[in-house]
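Beneath this line is the structure, given in structure tokens, with notes to follow.
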Amino acid sequence: MSVAAGTRAALRQPAPPSFASKIKNFLRIDGWGALVLPLLVFLILVFILPLFVMLQKSFTDPTFGWQNYTAIFAQSVYVKVLGNTFLTAAIVTAVTLLLAFPYAYLMTLATPKWRTVMLVLVLVPFWTSILVRSFALVLLLRDTGVLNSLAQDAGLIAEPVTIIRTMSGVVIGMVQVALPFAVLPIYATMRTIDRRLLQAAEGLGDRPSGAFLRIFVPLSLPGVAAAILLTFVQALGYYITPALLGGPKNTMIGELIVQQVSTVLRFGFAAALATMLLVTTFLLIGLASKYFDLQKHLMGQS
Amino acid sequence: MLALSLSACGGAGTASDEKSLTVTMWGGQAQSAHVASYFTPWAAESGVTIKEDSPTDYAKIETQVNAGKVNWGVVEVEPNFANTACEKGLLEKLPQRVIDAAKAAGVPEAQMGECAIPNLQYTFSIAYNTEVFADKHPTNWAEFFDTKTFPGKRGFWKYATGGLFEAALLADGVPADKLYPLDLPRAFAKLDTIKKDIVWYDTGDQQTQLVASGEAPLVQAWNGRITKAAAEGQAVANDYGQNLISYDQVVIPKGYPNAELAADWMVWFLGNGQAQADDAVASGYGPVSSDAIGLVPEADRKDLAGSEEVSKDSAGLIDYSYWAKNYDSVTEELNNWIAK
Amino acid sequence: MNRILARTALILLAAIIGLYLLLPVLVVVPMSLSSSSFLTFPPKELSLRWYQQLLDDPSWGRSAFASLKVALLSATVSVILGTLAALALVRGRFPFRNAVTAVLLAPLIVPYVIVGLAVYIAFLNLGLTETTLGFVLVHTCLGVPYVMINVSTGLVSVDRRLEMASMNLGAGPVSTFFRITLPLILPSVLAGALFAFITSWDEVVTAIFLSGPDMTTMPVKMWSGIRVQVDPAVAAVSSLSLLVIISTFLLMGAVKMIRKMIDRRASLTMNEGI
Chain A
42 MSVAAGTRAA LRQPAPPSFA SKIKNFLRID GWGALVLPLL VFLILVFILP LFVMLQKSFT
102 DPTFGWQNYT AIFAQSVYVK VLGNTFLTAA IVTAVTLLLA FPYAYLMTLA TPKWRTVMLV
162 LVLVPFWTSI LVRSFALVLL LRDTGVLNSL AQDAGLIAEP VTIIRTMSGV VIGMVQVALP
222 FAVLPIYATM RTIDRRLLQA AEGLGDRPSG AFLRIFVPLS LPGVAAAILL TFVQALGYYI
282 TPALLGGPKN TMIGELIVQQ VSTVLRFGFA AALATMLLVT TFLLIGLASK YFDLQKHLMG
342 QS
Chain B
3 MLALSLSACG GAGTASDEKS LTVTMWGGQA QSAHVASYFT PWAAESGVTI KEDSPTDYAK
63 IETQVNAGKV NWGVVEVEPN FANTACEKGL LEKLPQRVID AAKAAGVPEA QMGECAIPNL
123 QYTFSIAYNT EVFADKHPTN WAEFFDTKTF PGKRGFWKYA TGGLFEAALL ADGVPADKLY
183 PLDLPRAFAK LDTIKKDIVW YDTGDQQTQL VASGEAPLVQ AWNGRITKAA AEGQAVANDY
243 GQNLISYDQV VIPKGYPNAE LAADWMVWFL GNGQAQADDA VASGYGPVSS DAIGLVPEAD
303 RKDLAGSEEV SKDSAGLIDY SYWAKNYDSV TEELNNWIAK
Chain C
390 MNRILARTAL ILLAAIIGLY LLLPVLVVVP MSLSSSSFLT FPPKELSLRW YQQLLDDPSW
450 GRSAFASLKV ALLSATVSVI LGTLAALALV RGRFPFRNAV TAVLLAPLIV PYVIVGLAVY
510 IAFLNLGLTE TTLGFVLVHT CLGVPYVMIN VSTGLVSVDR RLEMASMNLG AGPVSTFFRI
570 TLPLILPSVL AGALFAFITS WDEVVTAIFL SGPDMTTMPV KMWSGIRVQV DPAVAAVSSL
630 SLLVIISTFL LMGAVKMIRK MIDRRASLTM NEGI
């Protein structure tokens with residue numbers, strides 16, 4: 042029924058609509074659209090309501106007003122950390138994408154057996170606690186760690202390369218966590234792309250690289266968009282990995298929020314920090330979707 | 003006179019069975035040792051079921067008390083939290099019998115709170131790598147801050163009450179008895195001199211990793227962790243010069259239905275030096291009752307806070323009443339300084 | 390020629406990525422076999438001490454079971470709710486689209502500690518802390534956006550003409566969905582389900598709030614000692630769960646191979662029959 046409804050809507054002649062009909066049109070919900078309701082109701086009851094009670098504390102705890110927000114800007118550290126959070130998330134997203142795209146592409150080319158191996162490789166880190174994995178990375182990467190000693194013994198480097206407590210350390214740690222979240226959606230999209238399109242383009246005289254860029258890449262964009270969104274948004278909330286692998290300059294907002302909630306008990310201030318993060322993220326996503334049509338690629342809307 | 007009767011606490015808590023006590027501590031092997039040494043024996047004697055939870059979370063305490071649904075009976079906390087939370091009315095005041103028991107057991111007055119008794123003590127002391135500093139190592143905080151004589155990174159706890167300010171001021175020549183209130187600008191100035199050499203740690207494991215690997219051959223560490231690592235054959239050792247004594251406390255959240263039972267345990271704990279001594283051997287943390295340290299085998303004693311050997315070199319006790327007032331603001335200053 | 394070069398570079402890159410993913414995990418296994426109570430690599434002395442401890446302490450098994458139950462249930466609920474919502478987002482029409490999308494994505498963005506505290510305040514009064522239901526409710530919120538985004542992505546690339554054909558042949562929308570659409574988007578649904586499962590399985594921040602003596606999930610158990618010392622038993626747990634997942638994959642591969650062999654034998658017999 043509803044598939045036809047969409048077509049009918051498209052065919053309808055644009056008559057000058059009255060205000061009431063405009064509203065009615067705006068509020069219309071079709072059969073497909075109604076499917077959003079179970080999740081919406083669920084999230085509003087379980088998630089949004091408690092969250093609202095919590096976030097309004099940013100205006101009421103300890104006293105009514107904006108003081109939690111002015112406090113954020115009174116100390117440059119919070120703004121700096123917020124900026125650092127977005128910067129780190131952006132770098133992590135970029136690196137993840139650079140690795141995930143060719144990896145997913147190779148998965149589409151591989152034989153089924155190798156494809157399974159590649160899939161298992163991506164999924165394996167999931168199964169070790171992130172805590173232990175971060176410790177393992179520290180043991181591997183630190184100045185006196187396994188990799189540095191090996192490279193030094195082999196004569197590759199004279200001095201140990203400092204990775205831990207730098208941005209590289211954070212990125213190495215976080216990309217590992219993020220890779221599966223990028224590889225899987227990209228692979229899921231790529232495997233639906235009809236390879237005959239590429240052959241056709243090449244048949245028409247396009248070079249393989251040109252055909253790849255002009256045909257394959259654009260068709261894989263929905264998966265890429267999903268990967269960007271998942272990686273970026275997830276990276277915003279990390280704090281365990283940056284705390285263990287990063288230096289003092291790599292503090293992310295998540296760590297400060299945890300500190301405010303769990304040790305200082307300034308719920309209102311923590312709520313304000315969280316609200317800032319939330320609002321900034323939505324603004325950024327909104328801005329990004331102006332240039333890169335997330336909605337279209339993710340939700341098929343234009 | 004401070005002792006308000008426990009019955010004064012109204013609080014319609016959750017109806018829990020008469021004979022159970024929920025114990026919440028920081029978790030891990032330390033908690034296992036504490037529970038085995040001084041909760042299980044008491045529970046067996048008095049027919050109480052011990053329920054364990056971990057880790058301690060202050061936000062949970064506050065929420066439980068505000069909601070009037072208190073599930074946690076005895077909670078291990080930091081003294082500055084015990085102090086603040088007591089003032090905010092989140093904790094039960096100690097009944098007189100617990101205070102009396104603490105007096106009788108010779109628990110240091112300074113480690114008692116209005117709502118809290120200490121359950122263990124440890125030191126912030128100089129941990130060094132014995133391979134890097136085989137011949138000589140820093141024996142006081144001034145030497146710890148001297149990166150010319152003792153080159154290498156320094157590890158500090160990224161935590162306002164982690165002892166770094168006290169150490170910096172002692173290194174800068176402030177007499178031990180004039181530490182508080184802390185001269186923060188002076189402390190930060192001293193820390194500035196070694197800022198590029200500072201490595202921060204967040205967890206107890208990181209401190210041993212840092213020293214043992216030689217990545218930061220000098221760390222201001224908890225003595226018990228280093229003692230255990232040395233016993234495992236790692237190249238680490240403690241120097242107790244100017245050590246700062248710290249302690250954890252146990253409290254009863256306000257409105258806990260079995261608060262009487264929790265107080266019973268406190269009385270038993272304070273009066274049972276043997277249980278504390280057992281815990282000291284198992285966990286590496288010093289006991290709090292004065293007779294307990296004598297019950298610890300001689301070999302283990304020299305590395306326990308509260309022993310003669312450790313106390314004679316100490317620069318004193320961390321003043322948690324100062325920290326209760328200033329923890330929030332100093333945390334903010336520390337965050338700022340680190341990010342700068 | 391160029392193509393071969395590109396392929397070789399690609400394979401090399403993938404190999405490096407594979408190593409990068411695997412190395413820290415592989416380090417965990419020897420770490421778990423160390424006799425020391427500190428996480429070290431390489432271990433000085435090998436022992437099964439930490440595995441023994443897992444066996445001796447029944448609370449590890451209990452929390453593993455609790456985690457598995459919560460993760461399976463919340464992944465299931467996430468898949469159902471998330472797939473429905475994805476269908477609505479991609480194909481449907483409903484008002485306040487941007488606001489609704491924001492609500493649906495919010496669980497990804499709100500820091501978990503805020504979620505944990507918020508939910509703890511609400512659940513404490515409802516008696517939902519330390520219950521499977523409470524965990525499943527919260528973990529479903531956290532996992533459902535992954536399902537939604539993955540399934541949306543899959544749906545966008547579905548060729549609608551296949552569905553139309555099915556409808557034209559007389560299938561109803563529900564049976565068209567199950568016979569045509571679902572098989573097409575199945576990889577995306579599975580990816581979403583996997584993410585939802587893992588999100589729950591590994592989630593510690595909100596779980597700390599919801600856990601208690603009556604119910605503690607495994608990540609909370611792993612985390613609880615973090616302030617003082619990481620229990621090497623945690624490395625043992627990690628190695629064990631690694632063993633489980635790898636043997637599952639191997640088993641799946643073996644089953645597939647056996648089935649193929651049987652198929653081949655069957656076709657051979659048939660050929661012989663002819």
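Chains as they are written, first to last, in my numbering: chain A, 42 to 343; chain B, 3 to 342; chain C, 390 to 663. Backbone N, C-alpha and C define an ideal beta-carbon position, used for all residues, glycine too. Computed from a predicted structure; not experimentally measured.
Sub-8 Å separation of residue i and residue j beta-carbons
i	j	result
V609 of chain C	V593 of chain C	yes
P226 of chain A	N539 of chain C	yes
Y249 of chain B	Q123 of chain B	yes
S425 of chain C	E234 of chain B	yes
A341 of chain B	V302 of chain A	no
L476 of chain C	L76 of chain A	yes
Host beta strand (DSSP E) of residue i (start-end)
i	result
V25 of chain B	S22 to T26
E54 of chain B	T51 to D55
W362 of chain B	In the structure displayed, chain B extends from 3 to 342; residue 362 of chain B sits before or after that span and is not available.
G217 of chain B	The question names Gly, yet the displayed sequence has Glu at residue 217 of chain B. It is not in any beta strand (DSSP E) - E217 of chain B carries neither H nor E in the DSSP assignment.
W202 of chain B	I200 to Y203
Neighbourhood of residue i by C-beta distance below 7 Å, restricted to the same chain and skipping five residues each side
i	result
A151 of chain A	M159
K21 of chain B	G49, V50 and T51
F257 of chain A	I234 and L239
T230 of chain A	S261, P263 and G264
Y440 of chain C	A625
Segment limits, alpha helix (DSSP H) that includes residue i
i	result
V551 of chain C	The sequence as given places Leu at residue 551 of chain C; Val does not occur at that position. R549 to N557 is the span of the alpha helix (DSSP H), which, as asked, contains L551 of chain C.
E335 of chain B	Y322 to A341
Y409 of chain C	N391 to S421
W270 of chain B	A261 to G273
E78 of chain B	That residue, E78 of chain B, is in no alpha helix (DSSP H); its beta strand (DSSP E) goes V76 to V79.
Q240 of chain A	R236 to G244
Q108 of chain A	Q108 to A115
L306 of chain B	Segment: none, L306 of chain B is in no alpha helix (DSSP H) and carries neither H nor E.
K65 of chain A	F60 to F67
Cutoff 6 Å; reference residue i; Cβ partners in own chain excluding five residues on either side
i	result
T588 of chain C	L531 and G532
F271 of chain B	Y40
P81 of chain B	Q251 and Y322
T605 of chain C	S452
8 Å CB neighbourhood of residue i in its chain, flanking five on each side removed
i	result
F176 of chain A	L285
V417 of chain C	A624, S627, S628 and L631
L52 of chain A	A caution first: L52 of chain A carries a pLDDT of 49, below 50, which makes its placement in the model too unreliable to give a value.
Residues that DSSP places opposite residue i in a beta bridge
i	result
N1 of chain B	Outside the shown range of chain B, which is 3 to 342, sits residue 1 of chain B, and nothing can be said about it.
L319 of chain B	B:I247
F41 of chain B	The partner list for F41 of chain B (beta bridge, DSSP) is empty, contrary to what the question assumes.
F126 of chain B	B:W224 and B:L246
P255 of chain B	B:L93
L435 of chain C	C:S423
P120 of chain B	B:Q251
G601 of chain C	C:M604
G481 of chain C	G481 of chain C pairs with nothing; no bridge assigned.
N288 of chain B	For the record, residue 288 of chain B in the displayed sequence is Gly; it is not Asn. Looking at the DSSP assignment, G288 of chain B forms a beta bridge with B:Q123.
**Message:** If the cut-off is 9 Å on Cβ atoms, which residues from the segment 505-522 of chain C count as contacting chain A, listed in chain order?
**Reply:** G505, L506, A507, V508, Y509, I510, A511 and F512
**Prompt:** For the segment 300-322 of chain A, which residues have a beta carbon sitting closer than 8 Å to at least one beta carbon of chain D?
**Reply:** Any reference to chain D falls outside this structure, whose protein chains are A, B and C.
**Proximal residues, the segment 163-177 of chain A versus chain C, C-beta separation under 9 Å** = V163, L164, V165, P166, F167, W168, T169, S170, I171, L172, V173, R174, S175, F176 and A177
**Asked** Using Cβ-Cβ distances below 9 Å, what residues of the segment 119-130 of chain A are close to chain B?
**Response** Y119, K121, V122 and N125
**Prompt:** Mind listing which residues of the segment 609-631 of chain C have their C-beta closer than 8 Å to chain B's C-betas, in chain order?
**Reply:** W612, S613, G614, I615, R616, V617, Q618, V619 and D620
**Request:** Taking a Cβ distance cut-off of 7 Å, strictly less, list which residues of the segment 584-605 of chain C are near chain B, in chain order.
**Result:** I597, F598, G601 and P602
**Asked** Listed in chain order, which residues of the segment 29-43 of chain B have Cβ atoms closer than 9 Å to some Cβ of chain C?
**Response** G29, G30, Q31, A32, Q33 and S34
**Item:** Against chain C: residues of the segment 72-106 of chain B by CB proximity under 7 Å
**Value:** N73
**Prompt:** Along the segment 418-429 of chain C, what residues have a CB closer than 7 Å to any CB found in chain B?
**Reply:** S425, S426, F427 and L428
**Asked** Using Cβ-Cβ distances below 8 Å, what residues of the segment 130-144 of chain A are close to chain C?
**Response** L140, P143 and Y144
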